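In mature numbering (1 follows the signal peptide of the UniProt record, and there is no 0), the protein residues as written are -21 to -1, 1 to 315. The beta-carbon is built from N, C-alpha and C at its ideal position, and this holds for glycine as well. Small disclaimer: the values here were computed from a predicted structure and weren't measured. Report on the following structure.
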């Protein structure tokens, strides 16, 4: 009897937690404001919470604005936090052509949202493809980048170097080569599975959140998702691409940079972090997170949220930039 009562009590506790989580989620969704910005005729959907200096968040693949819910709630007391749906995802428009997803168009979307919100610049936060866009935005549009926060994507130089020199990164990137060559209707295009809303959302662990993802992916363009890879991902031979890139060095970043990397990320190896400090001229903070995977903003939500907030508060806008030494973490390993 005691065992039965204990089991019933545990079940009731779990059900209470589920109900509370759903209630908190519903409250959050009722609190945020939705809007649209025009980017050269492409409608970009965004969600907004809080007041203060602008923080713009950019998701990756396969994802949508909701990926930032924990960070938005943590920052909203001090910042105007805006999370966008990148083109092709959820409620944003999905142009048809591959070139519509090249970096110039994606950077234009970010700039359009910032201007639409009546601002000249923002702190840019990005994950996965959103991080790639954030790197490129900071490199090519530094005048609009107050600060930069990157999640689980190496600097473009570090990533291309690893593709050229590191066999483990070459192997890990095999999925991208399949995306480049394939189409959404290929039966095993998504890591051996078909591409549909449920398989795209299979990485989401929380049941309440997963339902939102399935709905969002049902509104998204699978062709657009692959077009990010077709338009921007480095092509073989990687060594030639790396040698060519070294002849046209990217400008060093002139804003503070905070970088997270979940060390259990199988797609983007931590070797790519090495040397990042050589490409940044302001203070650089690197946070490696053991036990967290590619979606570090989910796997270590509290750590990511509190770290971003404290890092931003220590660097108020329109103040002299910090001259403290960079925080370097050497994750060197022999490459083959």
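| Check | Outcome |
| --- | --- |
| Indicate the three-state DSSP secondary structure (helix, strand or coil) for residue 106 in the structure shown. | strand |
| Using only the heavy atoms of the ligand MG, determine whether one of them is closer than 7 Å to the beta carbon of residue 237. | Ligands displayed in this structure: none; no statement on the ligand MG is therefore possible. |
| List, from N- to C-terminal side, the alpha helix (DSSP H) runs of 4 residues or more that fit wholly inside the stretch 27 to 74. | 48 to 54 |
| Measuring only the C-alpha atoms, how far is residue 271 from residue 244? | 7 Å |
| Report the rounded CA-to-CA distance for residue 250 versus residue 242, giving the unit in angstroms. | 10 Å |
| Just how far apart, CA to CA, sit residue 174 and residue 293? | 43 Å |
| Starting from residue 158, trace the alpha helix (DSSP H) in both directions and tell me its first and last residue. | 153 to 160 |
| Quick one: give me the first and last residue of the alpha helix (DSSP H) that residue 85 is part of. | 82 to 95 |
| Taking the continuous alpha helix (DSSP H) assigned at residue 17, which residues delimit it? | Residue 17 -> not in any alpha helix (DSSP H); beta strand (DSSP E) instead, spanning 12 to 18. |
| What did DSSP end up calling residue 275 once you bin it into helix, strand or coil? | helix |
| Can you give me the C-alpha to C-alpha distance between residue 289 and residue 185, rounded to a whole angstrom? | 26 Å |
| Could you tell me the distance, in whole angstroms, from the CA atom of residue 304 to the CA atom of residue 262? | Residue placement at residue 304 is flagged as unreliable, the pLDDT there being 41, under the threshold of 50; the coordinate-derived value follows with that caveat. About 7 Å. |
| Could you pull out every residue in the same chain whose Cβ sits closer than 7 Å to the Cβ of residue 296, ignoring the five residues on either side in sequence? | 32 and 125 |
| Does the structure place the stretch 209 to 217 close enough to the stretch 138 to 153 that three or more beta carbon pairs sit under 8 Å? | yes |
| Per the contact definition of three or more C-beta pairs closer than 8 Å, is the stretch 195 to 215 in contact with the stretch 59 to 68? | yes |
| For residue 59 versus residue 34, is the C-beta distance shorter than 8 Å? | yes |
| Tell whether a beta-carbon distance below 8 Å holds between residue 82 and residue 115. | yes |
| By DSSP, does residue 215 sit in helix, in strand, or in coil? | coil |
| Would residue 210 and residue 91 qualify as a contact pair, given that the criterion is a beta-carbon distance under 8 Å? | no |
| Looking at C-beta atoms only, is the number of pairs between the stretch 41 to 51 and the stretch 84 to 100 that lie closer than 8 Å three or more? | no |
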